[in-house]
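To keep things clear, I will list the structure first and then write my remarks on it.
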Amino acid sequence: MNHWLMKSEPDTFGIDHLAKKPKQTAGWDGVRNFQARNFLREMRVGDLAFFYHSSCDVVGIAGIVKVVREAYPDRTAFDPKDDHYDADSKPDQPRWYMVDVQLVRKFDHVIALDELRKHASGKLKDMVVLKRGNRLSITPVTKSEWQFIESLAGK
DNA sequence: GCCAACGTTGGC
DNA sequence: GCCAACGTTGGC
Numbered sequence: 001m002n003h004w005l006m007k008s009e010p011d012t013f014g015i016d017h018l019a020k021k022p023k024q025t026a027g028w029d030g031v032r033n034f035q036a037r038n039f040l041r042e043m044r045v046g047d048l049a050f051f052y053h054s055s056c057d058v059v060g061i062a063g064i065v066k067v068v069r070e071a072y073p074d075r076t077a078f079d080p081k082d083d084h085y086d087a088d089s090k091p092d093q094p095r096w097y098m099v100d101v102q103l104v105r106k107f108d109h110v111i112a113l114d115e116l117r118k119h120a121s122g123k124l125k126d127m128v129v130l131k132r133g134n135r136l137s138i139t140p141v142t143k144s145e146w147q148f149i150e151s152l153a154g155k
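Going by our numbering, the first residue of the first sequence is number 1, and it counts up by one from there.
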């Protein structure tokens, strides 16, 4: 099983939106970056991911989700009216993919980016999301990073 | 294949 | 709103 970190802007879609969905499950669509897409396609049912809030008051990890459906074509790319429309993605040859995720747990407090950075030269020294200039919306997380961050969240 | 221009991301 | 960093595009 692999671990991931998935970014979203909570003003658009945050962990509380996911919590209110039927079965607390939603499609993670709108990824329009090739590297992030490739990671999406590596995800397997049962993989766990941190739900990261970006571009907001409290930037950081808000909770945990799990993959419940593996990559399938992102329909929003086919819809000219959608913000994420991409004329180069055709239904018979889709360029973009999405997965479905289900809420596992919302942390009682967001683990702030500041807090994560405190460990940027220690336990989290290789964490992708802490690297300078990182903009990837989907990044892999190692097992040790995962366990350490979970311990920061408390049980 | 290079690289400048451009658009986007995302922390602050 | 600013701006650094980055990915993508397109002319050559």
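Where is the CB? At the ideal position from N, CA and C, for every residue including glycine.
As the structure is a computational prediction, the values presented were derived from the model and not from experiment.
Near residue i, which residues of its chain fall below 7 angstroms by C-beta distance, leaving aside the five closest residues on each side in sequence?
| i | result |
| --- | --- |
| L130 | L116, R117, A120, L124 |
| K106 | I15, A19, A62, G63 |
| R37 | V31, W96, Y97 |
Give the DSSP-derived three-state secondary structure of residue i in the structure shown.
| i | result |
| --- | --- |
| S144 | helix |
| A49 | strand |
Among the residues of its own chain, which have a CB less than 6 angstroms from the CB of residue i, if the five just before and after it don't count?
| i | result |
| --- | --- |
| L5 | F50, Y52, V129, T139, V141 |
| F78 | P91 |
| S89 | A77, R95, W96 |
Is it right to say residue i is buried, meaning 16 or more other beta carbons lie within 10 angstroms of its own, or is it exposed?
| i | result |
| --- | --- |
| T76 | buried |
| S144 | exposed |
| K7 | buried |
Taking residue i and residue j to be in contact with their CB atoms under 8 angstroms, please state how far apart those CB atoms are, rounded to whole angstroms.
| i | j | result |
| --- | --- | --- |
| V110 | V58 | 5 angstroms |
| W96 | D82 | About 11 angstroms; that fails the 8 angstroms criterion. |
Inset, instruction - Let me know the alpha helix (DSSP H) ranges lying completely inside the stretch 8-44, each 4 residues or longer, listed in chain order. - result: 10-13, 15-20, 34-42
Inset, instruction - Quick one: which unbroken beta strand (DSSP E) runs of 3-plus residues sit fully inside the stretch 55-108? Chain order, please. - result: 60-73
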